[in-house]
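**Student:**
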Amino acid sequence: TSSHRIRIYEREDYRGQMVEITEDCSSLHDRFHFSEIHSFQVLEGYWVLYEMPNYRGRQYLLRPGDYRRYHDWGATSARVGSLRRAMDFY
Numbered sequence: 001t002s003s004h005r006i007r008i009y010e011r012e013d014y015r016g017q018m019v020e021i022t023e024d025c026s027s028l029h030d031r032f033h034f035s036e037i038h039s040f041q042v043l044e045g046y047w048v049l050y051e052m053p054n055y056r057g058r059q060y061l062l063r064p065g066d067y068r069r070y071h072d073w074g075a076t077s078a079r080v081g082s083l084r085r086a087m088d089f090y
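In terms of full-length UniProt numbering, the sequence shown has 52 at position 52, counting the first letter as 1, and numbering is strictly consecutive.
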């Protein structure tokens, strides 16, 4: 099995509160009280980011690397509702 690890930050440039996640999360707000995520560090694996909770709304594929602000992953706002590990690529 492949491992997945992502760090989410409440502010741009990896500032503010940070949480490291290794499994799917259907509601970032319920679990971590974050409704906006301004930066990410994808340490391992690929992740799919969703604009709304329960894996709904716009989707963004995050590859391993640094995302200093929401424009870096192609979003028009910092609103993030849920995220899950991308498990299969063909």
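Glycine included, each C-beta is placed from N, C-alpha and C at the ideal position.
Helix, strand or coil, according to DSSP, for residue 102 in the structure here?
**Tutor:** The question about residue 102 has no answer, for the chain in this structure spans 1 to 90.
**Student:** Would L83 and Y50 be called neighbours here (beta carbons separated by less than 8 Å)?
**Tutor:** Start at 1 with the first residue of the sequence shown, and residue 83 comes out as number 83. Start at 1 with the first residue of the sequence shown, and residue 50 comes out as number 50. Yes, they are a contact pair.
**Student:** Mapping the DSSP letters down to three states, classify residue 92 as helix, strand or coil.
**Tutor:** Since the displayed the chain opens at 1 and closes at 90, residue 92 lies outside it and no answer follows.
**Student:** Exposed or buried, L61, counting other C-beta atoms within 10 Å across all chains shown (16 or more means buried)?
**Tutor:** Sequence index remark: in the sequence shown, residue 61 carries index 61 (1-based). It is exposed - the Cβ of L61 has fewer than 16 other Cβ atoms within 10 Å.
**Student:** For a quick check, are the C-beta atoms of I37 and L28 less than 8 Å apart?
**Tutor:** Here residue 37 corresponds to residue number 37 of the sequence shown, with the count starting at 1. Here residue 28 corresponds to residue number 28 of the sequence shown, with the count starting at 1. Contact: yes.
**Student:** Whole angstroms are fine: how far does the CA of M18 sit from the CA of G81?
**Tutor:** Start at 1 with the first residue of the sequence shown, and residue 81 comes out as number 81. Start at 1 with the first residue of the sequence shown, and residue 18 comes out as number 18. Going from the Cα of G81 to the Cα of M18 covers about 16 Å.
**Student:** Determine the extent of the beta strand (DSSP E) in which F40 is found, giving its start and end residues.
**Tutor:** Here the question's residue 40 lines up with position 40 in the sequence shown. Unbroken beta strand (DSSP E) run through F40: 39-44.
**Student:** In angstroms, rounded to a whole number, what distance separates the CA positions of I21 and H4?
**Tutor:** In the sequence shown, residue 21 corresponds to position 21, counting from 1. In the sequence shown, residue 4 corresponds to position 4, counting from 1. Rounded to whole angstroms, I21 to H4 spans 8 Å at the Cα level.
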